[in-house]
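Accompanying notes for the structure given below.
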Amino acid sequence: MKYVDEFRNAEIARAVAAEIAALTDPHRHYKIMEVCGGHTHTIYRHGIKDLLPDQIELVHGPGCPVCVLPMGRVDEGIEIAERPEVIFTCFGDMMRVPGSKGNLLEVKAQGADIRMVYSPLDALRIARDNPDREVVFYAIGFETTAPSTALTLQRAKKEGIENISVFCNHVTIVPPVRALLDSPDLRLDAFIGPGHVSTVIGCRPYEFMPKDYGKPCVVAGFEPLDLLQSILMLMRQLDEGRCEVENQYGRVVLWEGNLQALKSMAEVFELRPYFEWRGLGFIAQSALKISPAYAAFDAELRYSTPGVRVADPKACQCGEVLKGVLKPHECRVFGTACTPDHPLGALMVSSEGACAAYYNFGRKSFQKVGARE
Amino acid sequence: MSDQREQRVLDALEQARRRQPKFTAPRIDMSHGAGGKATHKLIEGLLLPALDNPALAPLSDAALLPFGDAQFALTTDSFVVRPLVFPGGSIGELAVNGTVNDLAVSGATPLGLSVALIIEEGLETEVLTYQVETMASAANQAAVSIVTGDTKVVERDKGDGLYIITTGVGVGDPEVSLSAASVRPGDKILCSGTLGDHGAAILIARGDLELEAEVRSDTQPLTSLVKALKDSAGPGLRFMRDPTRGGVGTVLNELARDSGFGVALWEEKLPVQDVVHGACEILGIDPLYVANEGKLLAVVAPETADSALEALRNSKGGEEASIIGEVREEPARMVLMHTQFGGTRMIDMLVGDPLPRIC
Chain L
1 MKYVDEFRNA EIARAVAAEI AALTDPHRHY KIMEVCGGHT HTIYRHGIKD LLPDQIELVH
61 GPGCPVCVLP MGRVDEGIEI AERPEVIFTC FGDMMRVPGS KGNLLEVKAQ GADIRMVYSP
121 LDALRIARDN PDREVVFYAI GFETTAPSTA LTLQRAKKEG IENISVFCNH VTIVPPVRAL
181 LDSPDLRLDA FIGPGHVSTV IGCRPYEFMP KDYGKPCVVA GFEPLDLLQS ILMLMRQLDE
241 GRCEVENQYG RVVLWEGNLQ ALKSMAEVFE LRPYFEWRGL GFIAQSALKI SPAYAAFDAE
301 LRYSTPGVRV ADPKACQCGE VLKGVLKPHE CRVFGTACTP DHPLGALMVS SEGACAAYYN
361 FGRKSFQKVG ARE
Chain B
1001 MSDQREQRVL DALEQARRRQ PKFTAPRIDM SHGAGGKATH KLIEGLLLPA LDNPALAPLS
1061 DAALLPFGDA QFALTTDSFV VRPLVFPGGS IGELAVNGTV NDLAVSGATP LGLSVALIIE
1121 EGLETEVLTY QVETMASAAN QAAVSIVTGD TKVVERDKGD GLYIITTGVG VGDPEVSLSA
1181 ASVRPGDKIL CSGTLGDHGA AILIARGDLE LEAEVRSDTQ PLTSLVKALK DSAGPGLRFM
1241 RDPTRGGVGT VLNELARDSG FGVALWEEKL PVQDVVHGAC EILGIDPLYV ANEGKLLAVV
1301 APETADSALE ALRNSKGGEE ASIIGEVREE PARMVLMHTQ FGGTRMIDML VGDPLPRIC
C-alpha cells in the first residue's frame, strides 16, 4: 500500500539497524523512552526490538491517554452514561477501561445508551438527530485529539445545538514528562518525542528537555522506519555529545505546530490548576477543562460530577509501568489477575497501553523463536 | 535475572492458557459475540461443560456423527448482519454459503439445508422476496437444496428486519481425515485468497465511518476450492477451516492450541487487498482478525503444498491463494508472525472487539 509500505521496507530497516549497532557502545546501557503509546504499539507490532542491539532498552512512557485516566474519572463517566436521558458517546478503547464497579461495555449491556464514535463530530451528528435526548461526549486524549473536541464545540455553538456536552479529560504532554524527569527512580538517556501531539504543539515545547535536563529528544513518526530512524538520530546525538530537539517527522510536524488548532483550543479550553494522573498522582496544569465561554457545554457542570477519587486496586502496578520503572511483565499481576480480557489496570486495555502491547504482540520466548525459514 | 523472571511469567501465562476457561461475566455484552476470546469463554466455559459430548467436543465447523459405516456432518449458523444487502452479497446468500462452507471445510458433501427466518413486523415483502431469491440462487450454485424451514414474525423493533438461521447436513468423505491432531511440524499453511474482504465491506457499507471505498464481500461457496484441494493434496490434506468471524488470526490460534505445535506466519505473504489494508490502517484493526465469508485456510503436508497451491490458484475464487506460513515445533501453542519489517511478534486471539455485527 502506497505511503505505508515505503516506511516498512525491510532492506532499509536492516541498513538503519546496522548503523545503530555501529554507534552502540557495547559496554554501555542505553535507556530510551518512547513517550507516546502509539510508538509502543508500533514497536511491538513490527517487532522493532528484534532489530536493536541488546544494549538499547526501550522504556514505555505515559503517552497513552486511556491509560493515564484515573479510575474516578471513569466512574464519573459511567454515572453520566447511566442517566436515562443521556446518549453517551466515546472512542472504542474507552469501552473496556475498568472503573471501580465495571466498565462501559457492561453498563451498555445493562441498558445504558452508549455509542462508540470515531470522532466527536459523530457525537454532534447524533445530537442533531436526537433533539429530545442529551448527548455527552467522553473526551480523552492529549493535544492530538483536543482540537477536534474544540472544533466540535465551536460548531455546536455556531449551529445552536444545545443538547450536547463534553466530559473533558484532555491532558497535556509536557507536564507528565517533566514530572518523570524530576522523578528520582528513573534514569533515562533520551526521548522519542510524540509525533501526533507535535503536529499540534510543534517541537518548541520540548526544548526544556535538552536545556534543563540534558536529554536529547527526537520527535518521531509512527511507521516502523520512522522509529528506527529516530533511534538512530538519538544514538548519533549521544555519540557526538550533542543534546537537542530534532524533528524526524518533518513530513507532518511543523516546528511551530498547527497554529489554527492551537487557537481553537485556546478558545474552548483552559488549563486546570491540577489533574490526577493514574500512577503519577496530581500534576499541576497538566489537563484541560472547558473554558467559561463554553461552560454551557461542560458535562461536569451540567451533571455536577462530584470529582471523586478512587484508589487503584492494591495489586495494580500501572503507576510503576507508566513511569517506566517496571517492565509490563514485572508487574505482580501481569498475565495472571490482569489480562486483556480481564484488565485490572488501564495499561492492559488500550491497544496503546504498554501491558496490552506486550501481552498481545511481545509475549514470546525469544530463544525459542526459530530462524525465518 | 530479568530474563528468568520474564520466562517465569511466560510459563505462568502458558499454564493459564491451558486451563479450561470459566465464564464469570454477570451479563452478556457485545464482546461475547465478536468471535475472539470472550466468545471462546462463552462457548468453552458455559456451553461446552453443560452440553458435553464427544461429537461436540472438538468444536469444529461441523459435528461428525457416525451412522453405520458412514459419517454425517451437521452444522448450524445464524445470521444477524446489518445492512441486509451490501456490496458483493446479501444476508440470504451469506446464510446459505456460510453453512455450505462449514460442511465443505469439514470434508463433507452437503445433502440438504434447513432455513429459519425471524422476520420483524413491517419488513417490506419486496425485501423478503429478494432475500429468498438470493438464498435460492446461492443454494443452486452450491448444488444443495433447502429442504425444510420455519418462519417467525417478531414485533417491530425486536429485530433488524430479518435474521436467518441455517442448518446443514452432509455426508463425510471416508477418504479424508481432517483434524488439528493430524498436523505435523513442517506442514504448510495455505490461504485461498485475500483477507478481511467481507468484514471490511460490511464496515464500510454501514456508513458509520464515512469511509468510501470499493470493497465487496467475498461470500461464495467453497465447495469447488475444497474439491481442488482434496484432489491435489489427497491424504496430505490435514486440516481445513473457514475463517469467518474472528478471522485467520483466531483460526490459527485454535490450530496452534489444538495441535500443540507453533504456527509461523510471514507478513509479506498475507494476501490483503490494498483497499482493505488501507481501511484497516485507518481504523486501527488488523486484517488477520477481520471476517471472511468465502476463504478457506488449509494445512497440507510440505510435499503436496506446491501442487495444492496451484490447484487453488486454478480454481474460481482461489486466484490469489498463497502459502502464508508453516507449522513448527516451537513456540508451542503459539502463533508467531515474522513481520515484513524484519521483526517478530505474536498473534494472539482477539480480545474485545468494537466492530459491529457482520454475519
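Chain order of the listed sequences is L and B. For the first sequence, my numbering gives the first residue as 1, with consecutive numbering after it. For the second sequence, my numbering gives the first residue as 1001, with consecutive numbering after it. Where is the CB? At the ideal position from N, CA and C, for every residue including glycine.
Going by DSSP in three states, L:Q367 sits in which element: helix, strand or coil? Within the first sequence, numbered from 1, the residue matching residue 367 of chain L stands at position 367. Because the pLDDT at L:Q367 is just 39, under 50, the model does not fix this residue reliably, and the value given afterwards should be weighed accordingly. In the structure shown, L:Q367 sits in a helix (DSSP, three-state: H, G or I).
Would you kindly work out how many angstroms separate the C-alpha atoms of L:R96 and L:F88, rounded to a whole number? Residue numbering aside, residue 96 of chain L sits at position 96 when the first sequence is read from its first letter. Residue numbering aside, residue 88 of chain L sits at position 88 when the first sequence is read from its first letter. L:R96 and L:F88: Cα-Cα distance of roughly 14 Å.
With distances taken Cα to Cα, identify the nearest neighbour of L:V107 among L:I126, L:D93, L:M116 and L:E82. As a working note, residue 107 of chain L is residue 107 in the first sequence. Among L:I126, L:D93, L:M116 and L:E82, the Cα nearest to that of L:V107 belongs to L:E82.
According to DSSP, simplified to helix, strand and coil, what is B:F1341? Numbered from its first residue, the second sequence carries residue 1341 of chain B at position 341. Here B:F1341 sits in coil by DSSP.
Just to confirm, are L:H196 and L:T144 a CB contact at a threshold of 8 Å? On the first sequence, position 196 is the one that residue 196 of chain L refers to. On the first sequence, position 144 is the one that residue 144 of chain L refers to. Taking 8 Å as the Cβ cut-off, L:H196 and L:T144 qualify as a contacting pair.
If you measure from the beta carbon of B:Y1289 to each beta carbon in chain L, is any gap under 8 Å? Working through the second sequence from its first residue, we reach residue 1289 of chain B at position 289. By this cut-off, B:Y1289 is not an interface position.
Run through DSSP, which three-state label would B:M1346 get? Numbered from 1 along the second sequence, position 346 holds the residue referred to as residue 1346 of chain B. In this structure, B:M1346 counts as strand in the three-state DSSP scheme.
Backbone secondary structure at B:H1198 - three-state DSSP: To locate residue 1198 of chain B, count along the second sequence from 1; it is residue 198. The answer is helix: DSSP assigns B:H1198 an H, G or I state.
If you run the structure through DSSP and keep just helix, strand and coil, what is B:M1001? In the second sequence, counting from the first residue as 1, residue 1001 of chain B sits at position 1. A caution first: B:M1001 carries a pLDDT of 49, below 50, which makes its placement in the model unreliable, though a value can still be read off. Looking at B:M1001 - three-state DSSP - the assignment turns out to be coil, as it is neither helix nor strand.
Burial state of B:S1145, where buried means 16 or more other Cβ atoms lie within 10 Å: As a working note, residue 1145 of chain B is residue 145 in the second sequence. Exposed, since its Cβ has fewer than 16 Cβ neighbours within 10 Å.
In the DSSP output, which residue or residues are listed as bridge partners for B:P1110? Within the second sequence, numbered from 1, the residue matching residue 1110 of chain B stands at position 110. DSSP, once it has assigned bridges, lists B:G1170 as partnering B:P1110.
Rounding to the nearest angstrom, what Cα-Cα distance links B:P1354 and B:M1030 in this structure? Walking along the second sequence from the start, residue 1354 of chain B turns up at place 354. Walking along the second sequence from the start, residue 1030 of chain B turns up at place 30. Bear in mind that a pLDDT of 48 at B:P1354, under 50, signals an unreliable position, so the model cannot answer this.
Closest by CA to B:F1239, which one among B:E1254, B:G1247, B:G1246 and B:R1245? Numbered from 1 along the second sequence, position 239 holds the residue referred to as residue 1239 of chain B. That would be B:E1254, whose Cα lies nearest to the Cα of B:F1239.
Please check if any C-beta of chain L sits within less than 8 Å of the C-beta of B:G1343. Counting from 1 along the second sequence, the entry for residue 1343 of chain B is found at position 343. Cβ-Cβ to chain L under 8 Å: yes for B:G1343.
For chain B, check one thing: does any of its Cβ atoms lie closer than 8 Å to the Cβ of L:N247? Residue numbering aside, residue 247 of chain L sits at position 247 when the first sequence is read from its first letter. No, its Cβ sits nowhere closer than 8 Å to a Cβ of chain B.
At 3 residues or longer, what runs of the beta strand (DSSP E) sit wholly inside the stretch 231-255 of chain L? 245-247
Per-residue burial, B:S976 [other beta carbons within 10 Å of its own, 16 or more giving buried]: Chain B is shown only over 1001 to 1359; residue 976 of chain B falls outside these bounds and no answer can be derived.
Examine chain B for any beta-carbon lying closer than 8 Å to the beta-carbon of L:A109, and answer yes or no. For the purposes of this step, residue 109 of chain L is taken as the residue at position 109 of the first sequence. Judged by the 8 Å Cβ criterion, L:A109 is in contact with chain B.
I need the DSSP call for L:S183, collapsed to helix, strand or coil. The sequence position of residue 183 of chain L within the first sequence is 183, counting from 1. Coil at L:S183, not helix or strand.
Quick one: what does DSSP say B:V1251 is sitting in, helix, strand or coil? Stepping through the second sequence from its first residue, residue 1251 of chain B is reached at position 251. Residue state, collapsed to three classes: helix.
The alpha helix (DSSP H) enclosing B:A1050, as first and last residue numbers: For this step, residue 1050 of chain B is matched to residue 50 along the second sequence. Counting along the chain, the alpha helix (DSSP H) containing B:A1050 begins and ends at L1048 to L1051.
Rounded distance between the beta-carbons of B:I1347 and B:G1249, thought under 8 Å: Translated into positions along the second sequence, residue 1249 of chain B becomes position 249. Translated into positions along the second sequence, residue 1347 of chain B becomes position 347. Correct: roughly 5 Å between the Cβ atoms.
Using a Cβ cut-off of 8 Å (strictly closer), state whether B:L1229 contacts chain L. To locate residue 1229 of chain B, count along the second sequence from 1; it is residue 229. No, its Cβ sits nowhere closer than 8 Å to a Cβ of chain L.
Leaving aside the five residues before and after L:G63 along the sequence, list all residues of the same chain whose C-beta is less than 6 Å from its C-beta, in chain order. Locating residue 63 of chain L in the first sequence gives position 63, counting from the first residue. Once the five neighbours on either side are set aside, the close Cβ partners of L:G63 are V35, C36, G37 and P194.
Going by C-alpha to C-alpha distance, which of L:I283, L:A150 and L:K49 sits closest to L:D182? For the purposes of this step, residue 182 of chain L is taken as residue 182 along the first sequence, with counting starting at 1. Taking only the C-alpha atoms, the option nearest L:D182 is L:I283.
Distance cutoff 8 Å, beta carbons only. Does B:M1346 sit that close to anything in chain L? As a working mapping, residue 1346 of chain B is identified with position 346 in the second sequence. So, interface residue.
Counting only Cβ pairs nearer than 7 Å, list the residues of chain L close to B:G1278. Numbered from 1 along the second sequence, position 278 holds the residue referred to as residue 1278 of chain B. Within 7 Å Cβ-Cβ: M1.
Using a Cβ-Cβ cut-off of less than 7 Å, give me the residues of the stretch 1018-1034 of chain B that come near chain L, in sequence order. R1027, I1028, D1029, M1030 and S1031
Between L:A13 and chain B, is the shortest Cβ-Cβ distance under 8 Å, so that the two count as touching? As a first step, residue 13 of chain L must be located in the first sequence, where it is residue number 13. For L:A13, the answer is yes, since a Cβ of chain B falls inside 8 Å of its Cβ.
Is any beta-carbon of chain L found at less than 8 Å from that of B:K1037? For the purposes of this step, residue 1037 of chain B is taken as residue 37 along the second sequence, with counting starting at 1. Closer than 8 Å: yes.
Where does L:H27 land, buried or exposed, given buried means 16+ other C-beta within 10 angstroms? What you label residue 27 of chain L is simply residue 27 of the first sequence in a count that begins at 1. With fewer than 16 other Cβ atoms within 10 Å, it is exposed.
Would you tell me roughly how many angstroms separate the C-alpha atoms of L:E159 and L:R125, rounded to the nearest one? Position 159 of the first sequence, counted from the first residue, corresponds to residue 159 of chain L. Position 125 of the first sequence, counted from the first residue, corresponds to residue 125 of chain L. Taking the straight line joining both Cα atoms gives about 11 Å.
Beta carbon proximity, L:Y44 to chain B, threshold 8 Å: Working through the first sequence from its first residue, we reach residue 44 of chain L at position 44. Cβ-Cβ to chain B under 8 Å: yes for L:Y44.
Give the secondary structure of L:Q285 by DSSP, where H, G and I count as helix, E and B as strand, and everything else as coil. Residue mapping note: residue 285 of chain L aligns to position 285 of the first sequence, counting from 1. In this structure, L:Q285 counts as coil in the three-state DSSP scheme.
For the stretch 1324-1340 of chain B, list every residue whose C-beta sits within 9 Å of some C-beta in chain L, in sequence order. E1326, R1328, E1329, E1330, P1331, A1332, M1334, L1336, M1337, H1338, T1339 and Q1340
Just how far apart, CA to CA, sit L:V135 and L:S165? Indexing the first sequence from 1 puts residue 135 of chain L at position 135. Indexing the first sequence from 1 puts residue 165 of chain L at position 165. Their backbone Cα atoms lie some 6 Å apart in a straight line.
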